[in-house]
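Below you'll find the structure, written out as C-alpha cells, and then a few comments.
The following block contains the structure:
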C-alpha cells in the first residue's frame, strides 16, 4: 500500500493554534507513515459563507506552517507540508479530481470531531468515504457519531468566528504574542492589511507644538496616593505645572510639548504589552502585573510625609533638563504652600480637607 497523503481542508478564516496542533500531530506524532500533508484553504465556502480573500488566507496558512514546522533541523518534515489550491466547491468533487490526477496515491481526509457530526450537510458524504480514508481528530470530551477511525488531539476549542469578532473590535487579547491563538506573523498581516475589519492605525504627520492640559484636581485625587499614571495622547515633555480652574473647580494645568510621532510609539508599546499579557495567559496566569507603559510624562501625587513609591525620586529641580517637580497642596482651605519654594508654579487657593504632595515626573528631552 502506498504512503498516504493527508488532506486538511477548511476555511482557515483565520487559521489558529488548534489548526496548528493538528498539523503538528500529523507531522510529528501521528501513527501514520505519511507521504505528504496538504493544507487546502477553500476558495469559496460550500455553504456560501463570506470569507476573507483566498490569497490572504493562503498567506496566513503559510505563516502557520512556518511556525509549526520550521526549516532547519525539521527540513525533512517541512518538505512534506504544502499549501494546495483547489477550485472545486465540494469535498467530494475535489477528491474525485485528486484521485484522477494521482492514480497511484492514497488520500487520507482529516476531519474535526465537531465537523463530522454535521456530515449530513456535506454534499454526497457517502461518496467521500469511498474516495478517501476518513480520519477523525477530536478534542477530549467531543463525542463522535458513527464508526470512524478516531484519534484524540489536543485542542482548546478556539473559534475562528469569535476571533474575527475580536479583530473587528480592535481587540488583540490572547491573539498576539507567544502562546496566543494566532501566529504573530498572521496578526501582523491582519493589522497591516486591515483583514476582518481590523482598523489599520493611521498616524499623523510628525509635528511638535506647545499645548496645555487642564485636569480637575478631584480627578487626579481619584487615582489614590502613590498611584502613577500617564498623560495620554501625544505628550512628549512636561514644561511646567500650574494651578487653574476648570468648570469653576480647582484644576492642575500641565504645560506640555506635543509630538504627533508619539502616537506611533504608543501603539508599538501597546502591542508589546499585549504580547506580554498573552504570554502570561498561555502560562496559566490571568494577566501580568505590568501596566501598559505609554511614552510620555508620568504623574503621581502623595500625601505629605509619605514615602514615594519605588521607581520615583524627588529632586527639587525645575530649570534646565530636569525631569522631576513637586509641590504641596495644603488642606483645610489654607491654599498651596511653597509653590516650589519660590512661586514658580503660580498657584492659587484650593479648598481641600487634608495636605497633599503632588509629584510630577516627565521624560527628559
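In our numbering, the protein residues as written are 21 to 385.
Heads up, the beta-carbon is just placed ideally off N, CA and C, and yes, glycines get one too.
Being a predicted model, the structure only gives us computed values, none of them experimental.
By the neighbour-count criterion, in which a residue is buried when 16 or more other Cβ atoms sit within 10 angstroms of its Cβ, residue 22 is exposed.
Looking at the DSSP output, residue 299 bridges to nothing.
The criterion of a C-beta distance shorter than 9 Å is not satisfied by residue 30 and residue 51.
Burial state of residue 223 is exposed, judged by a 10 Å Cβ sphere holding fewer than 16 other Cβ atoms. Fewer than three Cβ pairs drawn from the region 94-111 and the region 211-222 lie within less than 8 Å of each other, which leaves the two stretches out of contact.
The Cβ neighbour count for residue 190, taken over all protein chains shown within 10 Å, is under 16; the residue is labelled exposed.
Comparing C-alpha distances from residue 207 to each of 184, 228, 90 and 225 shows the shortest one belongs to 184. If you compare the alpha carbons of 36, 26 and 110 with that of residue 195, the shortest gap goes to 36. Where residue 275 is concerned, the enclosing beta strand (DSSP E) starts and stops at 269-279. Only exposed fits residue 150, as fewer than 16 other CB atoms lie within 10 angstroms of its CB. In this structure, DSSP gives residue 132 an extended state, which the three-state scheme calls strand. Each of 148, 256, 204 and 134 was checked against the Cα of residue 292, and the nearest Cα belongs to 204. Looking only at 45, 198 and 131, the smallest Cα-Cα distance to residue 303 is reached by 198. Rounded to the nearest whole angstrom, the CA to CA distance from residue 118 to residue 59 is 14 Å. A direct Cα-Cα distance of roughly 14 Å separates residue 153 from residue 132.
The criterion of a C-beta distance shorter than 9 Å is not satisfied by residue 142 and residue 181. In this structure, the straight-line span from the alpha carbon of residue 231 to that of residue 186 is close to 35 Å. Pairing residue 148 with residue 81, the inter-Cα distance amounts to about 24 Å. The three-state reading of DSSP puts residue 89 in coil, since its state is none of H, G, I, E or B. The Cβ neighbour count for residue 53, taken over all protein chains shown within 10 Å, is under 16; the residue is labelled exposed. Residue 300 sits buried, since 16 or more C-beta atoms from the chains shown fall within 10 Å of its C-beta. Within the model, the alpha-carbon separation for residue 76 versus residue 251 is close to 38 Å. The secondary-structure analysis by DSSP pairs residue 229 across a beta bridge with 278.
In the structure shown, residue 265 adopts extended strand secondary structure according to DSSP, grouped into three states. The shortest CA-to-CA distance from residue 225 to any of 129, 140 and 282 is the one to 282.
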